[in-house]
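Below is one structure, written out as structure tokens, with a few remarks after it.
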Amino acid sequence: MGAALAILGFSIYFGFLLSGGKPIGDIMIIWGYNLMILIAPFLSWSVSMLATIYWGDDFQGMKLLTVMAVILFCSGLFLLLGGLYKKKKQVNISNLQA
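Numbering (my numbering), first residue to last: 14 to 111.
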């Protein structure tokens, strides 16, 4: 459990470190990858293990793991796709005043 929480904390720190000072589209791409690959599996596993210990039922923990992993993965996918299709603001040179 400690290793999963350490990886989860490192991935959140890594996401903040990479997304500093970037445009919103790039931030969405970084957090989409981070959420899908690192945060979703470790967060869902940690929460479901705690819930399994609390409830004392393995099947409830597996259901929670499955539902959380799918929801978090889809959230990351939507962030990633939103960042990829986000229109970049372009500066029109003819409108600039000297």
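Yeah, the Cβ is synthetic: ideal placement off N, Cα and C, and Gly gets one too. Here the structure is a predicted model, which is why all the values come from computation and not from measurement.
Is the beta carbon of residue i less than 8 Å from the beta carbon of residue j?
i          : j          : result
residue 92 : residue 31 : no
residue 71 : residue 79 : no
residue 75 : residue 14 : no
residue 94 : residue 53 : no
residue 55 : residue 25 : no
residue 90 : residue 45 : yes
residue 57 : residue 18 : no
Helix or strand or just coil, what does DSSP make of residue i?
i          : result
residue 35 : coil
residue 99 : coil
residue 75 : helix
residue 41 : helix
residue 14 : coil
Note the first and the last residue of the continuous alpha helix (DSSP H) segment covering residue i.
i          : result
residue 66 : 53-68
Cβ pair count under 8 Å reaching 3, the region 31-42 against the region 80-90: Output reads no: the region 80-90 does not touch the region 31-42.
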